[in-house]
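Novice: Before we start, here is the structure in question, set down as structure tokens.
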Amino acid sequence: CRMFAPVFEKASEEHPDIVFGKIDTEAEQSLAAQAQISSIPTLMAFRDGILLYAQPGALPAPALADLIDQVKKLDMDAVREEVAKQQA
12 CRMFAPVFEK
22 ASEEHPDIVF
32 GKIDTEAEQS
42 LAAQAQISSI
52 PTLMAFRDGI
62 LLYAQPGALP
72 APALADLIDQ
82 VKKLDMDAVR
92 EEVAKQQA
């Protein structure tokens, strides 16, 4: 987690249009359980309230940048349609 912190901070500075957040899993055990966080760090990406990515483990800076770009480029109308199909 400490090794990933600088990567996370740099990404948050490079993308002021994105909300970056951290959860203190010891202080927020209920939230961590709801999010199914079992190891630290766990990376999650949400857009329009939809969970798009969730994986335990840190990413190197280039991989995190790629993930951010992929999330930004998603057609959210298509994502919402797919979510609706899965929930039907």
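No gaps in the numbering here: position 84 of the sequence shown is 95 in the working numbering, and each next residue is one more.
Cβ coordinates follow ideal geometry from the N, Cα and C atoms, glycine included.
At which residues does the alpha helix (DSSP H) containing Met87 begin and terminate?
Specialist: Per DSSP, Met87 belongs to the alpha helix (DSSP H) from 87-98.
Novice: Do you know offhand how far Met87's Cα is from Gln97's?
Specialist: Met87 and Gln97: Cα-Cα distance of roughly 15 Å.
Novice: How long is the line joining the alpha carbons of Ser49 and Gln66, rounded to whole angstroms?
Specialist: Straight-line Cα distance between these residues: approximately 10 Å.
Novice: Helix, strand or coil, according to DSSP, for Phe15 in the structure here?
Specialist: Residue state, collapsed to three classes: coil.
Novice: Compute the beta-carbon to beta-carbon distance between Leu63 and Val82, rounded to the nearest angstrom, for a pair I have assumed lies under 8 Å.
Specialist: That pair is a contact at about 6 Å.
Novice: Alpha carbon to alpha carbon, how far is Ala76 from Arg58? Give it in angstroms, no decimals.
Specialist: Distance between the alpha carbons of Arg58 and Ala76 is about 16 Å.
Novice: Going straight from the alpha carbon of Ala56 to that of Val94, what length do you get?
Specialist: When rounded, the distance between both Cα atoms is 16 Å.
Novice: What are the boundary residues of the alpha helix (DSSP H) that Gln40 is part of?
Specialist: Counting along the chain, the alpha helix (DSSP H) containing Gln40 begins and ends at 40-45.
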